[in-house]
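Notes follow the structure.
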Amino acid sequence: MMQRLLSPTLLLLILFLLCTTTYGQSLAPAAAPSGATTTSGQSSPPTSSPSGPTDINAILGKAGKFTTFIGLLKSTQMDSQINSELQKKSKPGFTIFAPTDSAFSDLKTGTLNSYTDEQKAALTKFHVLHSFLTISQFQTVSNPLHTEAAANTEEFPLNVIGNGTQVNITTGLVNTTVDSTVYSDGQLAVYETPQVLLAQGILSPQHRHLYLQSLRMLLLRQMILPGRLALLLILLMQHVCAMHQLQYPLEWRYYPYGC
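Quick note on the UniProt record's numbering: the sequence shown kicks off at 1 and runs consecutively.
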């Protein structure tokens, strides 16, 4: 009789002890996972998350004020060339001076539309250096810098002079500054400029012919000279202009005779 009464009691006691043990284990502190931050403040070295390939269009697009320059990079396929080189993760990298949309708006109306494909390509490449340069490196860099436009720095002169955090840019036609650093990762540097960088090699020599035509009319109509002598003087002037352009490519458009 007593065994029948004790059996349920014994069972309840065992069940109570089991529940108490389980509840106590749930309140015990869990062990810190390996590599996680602990109460001592020490943590495991951070792991770098995988990132996609560098994309110049995405970088400029994220900034939100380089739509026109992005269009030039795409139309001239300079974006593909830059991205392809960056994917190789090899030196020397790139430095890009990116004019803002406001900078392009400051150009004379219809300027870009009047440019040929070759001129647009030259304009775009003139803003690209095939070397990675930091702001501080502009203080010691050798000028003029070689751009992707041409190896000839006479028609495409780019002088960049750093003075502390101030960076000045001159091309012979444009004087401007670097406003800010848009992007820099040790391989690609993108700097914002408030003006479009123009060089003599980008401009069309069409206006030179207009000046020569005006000079021809001046000699033929207003000067009392035989026709052949006037023509000889015109040819001589053309030769002088050509030689002047070759020797002084930056100043030829300001030649006093308009050539």
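For each residue, glycine too, the CB sits at the ideal point set by N, CA and C.
- Between residue 134 and the set 74, 151 and 161, the nearest pair of CA atoms involves 161.
- Under the three-state reduction of DSSP, residue 180 is assigned to strand.
- Residue 162 sits in a strand when the DSSP states are folded into three classes.
- The alpha-carbon of residue 118 is positioned some 36 angstroms away from that of residue 164.
- In this structure, DSSP gives residue 83 a helical state, which the three-state scheme calls helix.
- When the Cα atoms are used, residue 78 and residue 125 turn out to be separated by approximately 7 angstroms.
- The DSSP assignment places complete beta strand (DSSP E) segments of no fewer than 3 residues inside the UniProt domain "FAS1" (53–197) at 94–99, 159–163, 166–170, 175–177, 180–184 and 188–193, in order along the chain.
- CA-CA distance, residue 108 to residue 95, rounds to 27 angstroms.
- Residue 110 counts as exposed, since fewer than 16 other C-beta atoms from the protein chains shown sit within 10 angstroms of its C-beta.
- The Cβ-Cβ distance between residue 199 and residue 156 falls below 8 angstroms.
- Distance check between residue 55 and each of 121, 166, 103 and 86 places 86 closest, using alpha-carbon atoms only.
- Setting aside the 5 residues that flank it on each side, residue 66 is surrounded in the same chain by 60 and 98, each with a C-beta closer than 6 angstroms to its C-beta; the list follows chain order.
- Rounded to the nearest angstrom, the gap between the Cα atoms of residue 183 and residue 189 is 6 angstroms.
- Contact between residue 194 and residue 176 holds, since their C-beta atoms are separated by about 6 angstroms, short of 8 angstroms.
- Taking residue 168 as the centre and dropping the five residues before and after it, the same chain places the C-beta of 161 and 177 closer than 6 angstroms to its C-beta, in chain order.
- By the Cβ neighbour-count rule, residue 201 is buried, with 16 or more other Cβ atoms within 10 Å of its own.
- Shown here for residue 179: same chain residues with a beta carbon closer than 7 angstroms to its own, the five before and five after excluded, namely 192, 193 and 194 in chain order.
- Around the Cβ of residue 147, a 10 Å sphere holds 16 or more other Cβ atoms; the residue is buried.
- In this structure residue 116 is exposed. Its beta-carbon is surrounded by fewer than 16 other beta-carbon atoms within 10 angstroms.
- Note on residue 151: under 16 other CB atoms within 10 angstroms of its CB, so exposed under the neighbour-count rule.
- Distance check between residue 120 and each of 84, 70, 90 and 131 places 70 closest, using alpha-carbon atoms only.
- Residue 75 holds the alpha-carbon nearest to the alpha-carbon of residue 123 among 62, 75 and 58.
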